[in-house]
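Only one structure is covered here, and it is reproduced in the block below.
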Amino acid sequence: MGYVEGMPAEIDPCVFVDDDGQPYIYNGGGGRCYGGKLRKDDWTKLDGEMKSMTGLVDFHEGVWVHKKDGVYYMSYADNYMENGMGANRLRYAVSDSPLGPWQYQDVYLGPTGCDTSHGSIVEYKGEWFAFYHNCTISGQGNLRSVCVDKLYYNPDGTIQMVKRTK
């Protein structure tokens with residue numbers, strides 16, 4: 162996609178397209194997360210200004226947005242440390258708007274053994290899946306393998322902890 166003028170110089174961009182075809186872009190790092198509308202006719206240009214996403218707890222990086230049953234979900238990596246090393250968990254927040262404000266919910270994926278943990282959540286054929294990475298094959302925190310496991314929602318819309326499989 163290249164450079165988007167007016168977008169903060171942060172990392173890990175995510176594009177989310179709402180049901181009405183409106184695209185949004187998000188990015189962030191180091192405790193800051195931003196979101197904004199993209200022009201429908203030109204995704205390389207913003208439609209207005211980027212704004213700070215509020216209500217997130219311990220945001221680090223790796224933002225991802227999806228929508229289920231009219232609720233917007235923002236997931237992201239936190240700053241969790243394990244044995245003095247980075248071992249992000251994946252947290253999430255919800256909103257009734259794609260640009261927040263967000264209401265923090267909980268952690269849905271624990272540390273995977275990698276230096277960082279990024280993920281995404283998608284629906285496929287009526288089931289929900291969490292994509293993330295681990296380092297089981299390499300044994301090295303910076304050499305990651307893609308993983309996918311089913312994701313389950315409680316009746317109240319909260320996300321259950323992912324049960325990691327091989």
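Going left to right, the sequence shown walks through residues 162 to 327 as the working numbering numbers them.
Glycine included, every Cβ here is placed at the ideal spot set by N, Cα and C.
Keep in mind that this is a model prediction, so the values were computed, not measured.
Would you list, in sequence order, the uninterrupted beta strand (DSSP E) runs of no fewer than 3 residues that lie entirely inside the stretch 233-289?
Here the runs fully enclosed are 251-256, 264-270 and 281-285.
First and last residue of the beta strand (DSSP E) that includes Leu-207?
From DSSP, the beta strand (DSSP E) with Leu-207 extends over 203-207.
So Asp-173 is in the beta strand (DSSP E); what residue range does that whole segment cover?
Counting along the chain, the beta strand (DSSP E) containing Asp-173 begins and ends at 172-178.
Go ahead and label Ile-298 buried or exposed: buried means 16 or more other beta carbons lie within 10 angstroms of its beta carbon, across all protein chains shown.
Exposed is the call here.
Identify whether Ser-306 lies in helix, strand or coil by the three-state DSSP scheme.
DSSP places Ser-306 in strand when its eight states are reduced to three.
Taking Cβ positions, are Trp-263 and Met-242 nearer each other than 8 Å?
No, Cβ-Cβ distance for Trp-263 and Met-242 is not below 8 Å.
For Val-307, count neighbouring C-beta atoms within 10 Å of its own C-beta (all shown protein chains included) and say buried if the count is 16 or more, exposed if not.
Looking at its Cβ environment, which holds fewer than 16 other Cβ atoms inside 10 Å, Val-307 is exposed.
Out of Leu-270, Val-283, Trp-204 and Val-232, state which residue places its alpha-carbon closest to the alpha-carbon of Gly-261.
Nearest C-alpha to Gly-261: Val-232.
Starting from Ile-186, follow the beta strand (DSSP E) in both directions and report where the run begins and ends.
Note, Ile-186: beta strand (DSSP E), 184-190.
CB Ala-254 to CB Gly-216, shorter than 8 Å?
It is a contact, given that the beta carbons lie within the stated cut-off.
Just to confirm, are Ile-320 and Tyr-237 a CB contact at a threshold of 8 Å?
No, these two residues do not count as a Cβ contact at 8 Å.
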